[in-house]
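Notes follow once the structure below has been shown.
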Amino acid sequence: MRIATWNINGVKAREGALKQFLKEHQPDILCLQEIKTVDEGFPAAEIEGLGYNVATHGQKSWNGVAILSKMPADEITRGLPGDDTDEQSRLIEGVFSVEGGAIRVCNIYLPNGNPVDSEKFPYKLRWMERLIAFVEERLEFEEPFILLGDFNLIPAPIDAHDPDAWWGDALFRPESLEKFRALANLGLTDALRAVTDEPAYTFWDFQAGAWRRNAGIRIDHLMLSPQAADRLENVTVHKDVRGWDKPSDHVPVEGEFTF
DNA sequence: ATGCCAGGGATACCCTGA
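So the first sequence is numbered by the numbering used here: it starts at 98 and just counts up by one.
Below, the structure written as structure tokens:
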């Protein structure tokens, strides 16, 4: 089974690219972030026409996440617990039956957190604390659990073309990375780093010729419970997608599993 | 220190992203 994540940066602007990717690669599950629409605005009929089930957790203008899957989900959960006042749509989780059991796929769009002297940075850190509590509970199930999406976190200097340029940024601040390590230390494996020690970027800014200069960062991740990590075969970063017409600034990252 | 570019929504010399 192949499970992918892609920050699509607006599903309405990217409908053509989304269809092309689904047709070319046929992932079993594709998790989207930044759909930037309410549920009713998602082109569900078109995607269902390609053989996918669609579950969305949308929001007007910003954020919004979705899970596309060839098999229907047994269960869908929307929203991150822990703060009833948080209205941002940044988490959707699906449970899927596989041979011999079930897998749980949790799709997140973790807050960016910039600028760090604004409310956005403490919101990011609090969101990560809520995520850690949520994942801790999920791991108690001791089942294949895949936490994937746009983490807005650069895990290590190797994950940036120019790490010095990111010093002080919310994506690379010590406070942010400390929480990322706390999350990983619950027992999650960074899938990409389980298969390669080489740089592999997933985001290139639209600005300043970042793509042309390969000035990228790795911020889209698949984090695996032990039961999922045991079944990991390979990870593919679909870098070519960044070169398509009217691309998103992120590219799809796909994990291949034996279930 | 700022804008670079892009999408959204309603058309704003505006907001957000990373």
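Quick reminder that beta carbons are idealized off the backbone N, C-alpha and C, glycines included.
Item	Value
Inter-stretch contact at 8 Å, needing at least 3 Cβ pairs: the region 344 to 355 / the region 265 to 285	no
Assigned secondary structure, Q324 (DSSP; H/G/I helix, E/B strand, else coil)	helix
Ranges of the alpha helix (DSSP H) found wholly within the region 200 to 282, counting only runs of at least 4	217 to 236, 271 to 281
Cβ pair count under 8 Å reaching 3, the region 130 to 143 against the region 217 to 237	no
Under 9 Å between C-beta atoms of L319 and P241	no
Residue nearest to A325 in terms of C-alpha spacing, selected from E295, P260, F238	F238
Same chain, Cβ closer than 7 Å to P323, neighbours up to 5 away in sequence not counted	G284
Residue interval of the beta strand (DSSP E) (run including R175)	172 to 175
From D259, E190, C128, I100, residue whose alpha carbon lies closest to that of A312	D259
For S166, the residue or residues it bridges with in DSSP	I126, N150
I173 versus R235: straight-line alpha-carbon distance, rounded	14 Å
Simplified DSSP state of L285, which is helix, strand or coil	coil
Option nearest D327 by Cα separation, candidates F118, D317, H335, D287	D287
Spatially closest choice to G210 from P254, E272, G197, G191, by CA coordinates	E272
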